[in-house]
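Undergrad: Encoded as structure tokens, here's the structure I'll be asking about.
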Amino acid sequence: MNHVIEKAINIAGSQSDLAKQVGVGQSTVSKWLNGAEISSRYISALVKATNGEVTTEEILKSLASSSPANPNQTAA
């Protein structure tokens with residue numbers, strides 16, 4: 603589980619709320635939560651959606667330390 607995405611969800615209120623703020627579907631947020639890679643084009647939107655409470659550095663660090671359940675998964 604990606605704890606940085608979990609933190610962002612808690613700040614936004616729900617997976618759906620975070621998804622709307624970032625411009626993706628709720629299923630994409632769920633995939634991120636479960637370890638899917640986050641495309642770089644969404645990182646600044648995630649930071650903005652959390653009013654900076656989740657930083658770019660936290661997101662990048664979480665991606666470097668997580669291993670997806672399915673390494674062949676495509677990034678959203």
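Residue numbers (our numbering): 603 to 678. Glycine is no exception: its CB is placed at the ideal position from the N, C-alpha and C atoms.
Return yes when the Cβ of N604 is within less than 8 Å of the Cβ of S642, no when it is not.
TA: no
Undergrad: In whole angstroms, what is the alpha-carbon distance linking S646 and L620?
TA: The straight-line gap from Cα to Cα measures roughly 13 Å.
Undergrad: Does the beta-carbon distance from V656 to K622 come in below 8 Å?
TA: No; because the gap between Cβ atoms is not below 8 Å, this pair is not in contact.
Undergrad: Taking the alpha helix (DSSP H) that I661 falls in, what are its first and last residues?
TA: From DSSP, the alpha helix (DSSP H) with I661 extends over T658 to S667.
Undergrad: Grab the span of the alpha helix (DSSP H) containing A647 for me, first residue to last.
TA: I645 to A651
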